[in-house]
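So the structure is just underneath, and the comments pick up after that.
Protein chains: 4
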Amino acid sequence: MPQTLGRTRWVIAEGFIPNAGRGPSPQMESHETMCVLNAGTADAHLKITIFFTDRDPDGPFELTVPARRTRHFRFNDLPIPRDTDYSSLIESDRPVVVQHTRLDSRLADLALLSTVAFPAD
Amino acid sequence: MPQTLGRTRWVIAEGFIPNAGRGPSPQMESHETMCVLNAGTADAHLKITIFFTDRDPDGPFELTVPARRTRHFRFNDLPIPRDTDYSSLIESDRPVVVQHTRLDSRLADLALLSTVAFPAD
Amino acid sequence: MPQTLGRTRWVIAEGFIPNAGRGPSPQMESHETMCVLNAGTADAHLKITIFFTDRDPDGPFELTVPARRTRHFRFNDLPIPRDTDYSSLIESDRPVVVQHTRLDSRLADLALLSTVAFPAD
Amino acid sequence: MPQTLGRTRWVIAEGFIPNAGRGPSPQMESHETMCVLNAGTADAHLKITIFFTDRDPDGPFELTVPARRTRHFRFNDLPIPRDTDYSSLIESDRPVVVQHTRLDSRLADLALLSTVAFPAD
Chain H
277 MPQTLGRTRW
287 VIAEGFIPNA
297 GRGPSPQMES
307 HETMCVLNAG
317 TADAHLKITI
327 FFTDRDPDGP
337 FELTVPARRT
347 RHFRFNDLPI
357 PRDTDYSSLI
367 ESDRPVVVQH
377 TRLDSRLADL
387 ALLSTVAFPA
397 D
Chain W
277 MPQTLGRTRW
287 VIAEGFIPNA
297 GRGPSPQMES
307 HETMCVLNAG
317 TADAHLKITI
327 FFTDRDPDGP
337 FELTVPARRT
347 RHFRFNDLPI
357 PRDTDYSSLI
367 ESDRPVVVQH
377 TRLDSRLADL
387 ALLSTVAFPA
397 D
Chain C
277 MPQTLGRTRW
287 VIAEGFIPNA
297 GRGPSPQMES
307 HETMCVLNAG
317 TADAHLKITI
327 FFTDRDPDGP
337 FELTVPARRT
347 RHFRFNDLPI
357 PRDTDYSSLI
367 ESDRPVVVQH
377 TRLDSRLADL
387 ALLSTVAFPA
397 D
Chain Z
277 MPQTLGRTRW
287 VIAEGFIPNA
297 GRGPSPQMES
307 HETMCVLNAG
317 TADAHLKITI
327 FFTDRDPDGP
337 FELTVPARRT
347 RHFRFNDLPI
357 PRDTDYSSLI
367 ESDRPVVVQH
377 TRLDSRLADL
387 ALLSTVAFPA
397 D
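Chains as they are written, first to last, in the working numbering: chain H, 277 to 397; chain W, 277 to 397; chain C, 277 to 397; chain Z, 277 to 397.
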């Protein structure tokens with residue numbers, strides 16, 4: 277099993293949690309997710325910094341991804357206002373891989389987007 | 277806080293702003309967005325060049341992302357015709373991270389796409 | 277024809293197969309796909325490891341992409357529970373290129389996401 | 277204007293043109309697009325090779341992107357069967373940037389996906 281799979285600094289420049297959502301919660305609630313894989317044999321400790329348009333960054337918020345586990349964190353669970361543009365910086369003490377996904381259920385059906393985050397180191 | 281997070285030259289090869297959109301404006305209007313994070317401690321000055329299929333490029337258009345801020349710019353606010361293929365080149369005097377998103381509301385529901393832009397340096 | 281096109285280790289940090297799907301099977305069934313191109317002249321042998329939130333990884337599952345062929349594998353065909361967060365690591369003995377796609381048909385219409393996987397070597 | 281922006285070899289591992297599409301043609305017809313930016317001052321000559329699951333590759337198909345222009349090519353215009361898995365390799369004699377997009381209009385509404393192609397050199 278690889279010990280050093282991934283990077284230690286990731287950026288998700290896009291960020292926006294729609295306020296409304298019609299689907300049944302929680303699966304169909306509009307949400308943004310940061311999927312993190314820690315393929316290594318030691319826990320990874322993450323620090324998440326949230327950037328905004330018109331005020332200083334918030335955080336860092338601390339999260340842990342145990343060894344050989346994946347965690348799909350919802351940005352909805354961080355103190356981020358809805359209907360607001362933001363970006364996020366993810367710093368980890370161990371190499372991880374980060375992918376960004378949004379589910380938007382403001383209208384009758386849902387829409388999805390996803391991209392691998394930008395590896396900044 | 278990182279001083280040199282990102283790159284100084286980014287490309288979004290896909291570009292197309294649908295003319296029609298059924299949702300309530302402005303959130304649900306069909307639009308294309310360039311999300312830019314400037315995690316550094318100095319303002320970043322961007323020059324945006326728009327490429328077309330059958331005529332010379334337009335621009336550069338100048339935009340600023342203040343230090344430690346994110347800006348989600350809509351291409352709709354630049355002089356780009358609707359229902360027209362284009363590409364964009366983003367050049368910055370400071371490292372930034374760029375992600376591209378489109379919301380398409382031509383039909384009853386919306387569709388989304390997103391990808392990190394191509395880091396060209 | 278290139279002999280060494282791609283990488284030998286790829287990560288898809290996002291993974292989630294919706295349990296429900298309204299469209300006609302199999303095209304419209306909710307599914308996640310790993311599209312793999314082997315542009316080389318020798319077969320590529322893949323080992324897929326699936327990571328979860330709360331238990332040890334599963335696998336490796338073995339798949340083959342013949343020389344000069346593409347294979348679009350559905351994660352639905354691996355022993356992965358539905359409505360469950362996971363990540364995947366793809367290791368190949370020959371360079372390949374991997375792209376990740378999900379079709380979600382839980383509601384009346386479908387939603388799509390796609391991104392190139394993260395090249396981890 | 278940059279002379280060497282991009283790469284000369286790109287891969288789109290995902291490929292699938294849905295046979296059905298309900299929207300008004302041609303904008304709403306289900307299609308897959310390869311968006312190519314040539315920011316340089318000389319024309320770029322592309323060779324496109326299409327890979328399949330169960331037969332030898334097709335091509336190369338030749339396309340040109342004039343200097344300082346973008347072209348959004350539809351894979352629908354190449355001899356690719358519908359409802360069939362494929363991958364594509366794009367080789368260019370000049371650096372370009374390639375992004376992949378699909379519009380799927382099989383159901384009442386449309387779905388979109390997009391990602392920067394994999395830069396293979």
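We put the beta carbon where it would ideally sit given N, CA and C, even for glycine.
Treat the numbers as computed from the prediction; the structure is a model and nothing was measured.
Can you give me the C-alpha to C-alpha distance between Leu379(W) and His348(Z), rounded to a whole angstrom? 19 Å
For the beta strand (DSSP E) that Phe349(Z) lies in, which residues bound it at each end? Arg345 to Arg350
In the DSSP assignment, find the unbroken beta strand (DSSP E) run with Ala396(Z) in it and report its ends. Counting along the chain, Ala396(Z) falls outside any beta strand (DSSP E), and DSSP gives it neither H nor E.
Could you tell me how far apart the beta carbons of Pro333(W) and Ile326(W) are, in whole angstroms, since I believe they sit closer than 8 Å? 6 Å
Do we get a CB-CB distance below 8 Å when we pair Pro302(H) with the residues of chain W? no
Residue burial classification, Ala343(H) (beta-carbon count within 10 angstroms, cutoff 16): exposed
Where the beta strand (DSSP E) through Pro355(Z) begins and ends: From DSSP, Pro355(Z) is part of no beta strand (DSSP E); its letter is neither H nor E.
Which residue marks the beginning of the beta strand (DSSP E) containing Thr340(H), and which one marks its end? Asp334 to Val341
Is there at least one Cβ from chain W nearer than 8 Å to Arg382(Z)'s Cβ? no
With 16 as the cutoff for other CB atoms within 10 Å, does Asn295(Z) come out buried or exposed? exposed
Cβ neighbour criterion (16 or more within 10 Å) applied to Thr317(Z): exposed
Selection from Gly282(C), Phe328(C) and Leu313(C) that minimises the alpha carbon distance to Ile293(C): Phe328(C)
Note down the Cα distance separating Leu365(Z) from Arg331(H), rounded to an integer number of angstroms. 44 Å
Report buried or exposed for Thr346(C), applying the criterion of at least 16 other Cβ atoms within 10 angstroms of its Cβ. buried
I want to verify the contact list: residues of chain C whose CB lies under 7 Å from the CB of Arg391(W), in sequence order. It should be noted that the sequence gives Thr, not Arg, for residue 391(W). Those within 7 Å of Thr391(W) in chain C are Thr391.
With DSSP collapsed to three states, give me the class of Leu386(H). coil
Which two residues bound the contiguous beta strand (DSSP E) that contains Thr325(H)? Ala320 to Phe328
Please tell me whether Ser377(W) and Thr284(W) are closer than 8 Å, where the distance is taken between their beta carbons. Sequence inspection shows Thr at residue 377(W); the Ser mentioned does not correspond to that position. The answer is no: Cβ separation not under 8 Å.
Best match in Pro395(W), Asp359(W) and Val392(W) for proximity to Met304(Z) [C-alpha to C-alpha]: Asp359(W)
Do Val312(W) and Gly282(Z) have their C-beta atoms within less than 8 Å of each other? no
Under 8 Å between beta-carbons, which chain C residues line up against Asp332(Z)? List them in chain order, please. Arg344
Secondary structure of Gln303(C), DSSP reduced to three states: coil
Between Thr391(Z) and Thr391(H), how many whole angstroms is the CB-CB distance? I'm expecting something under 8 Å. 7 Å
According to DSSP, Asn314(C) sits in a beta bridge with which residue or residues? Arg345(C)
Beta-carbon proximity check, Phe337(Z) vs Gly291(Z), cutoff 8 Å: no
So, helix, strand or coil for Pro371(H), using DSSP? strand
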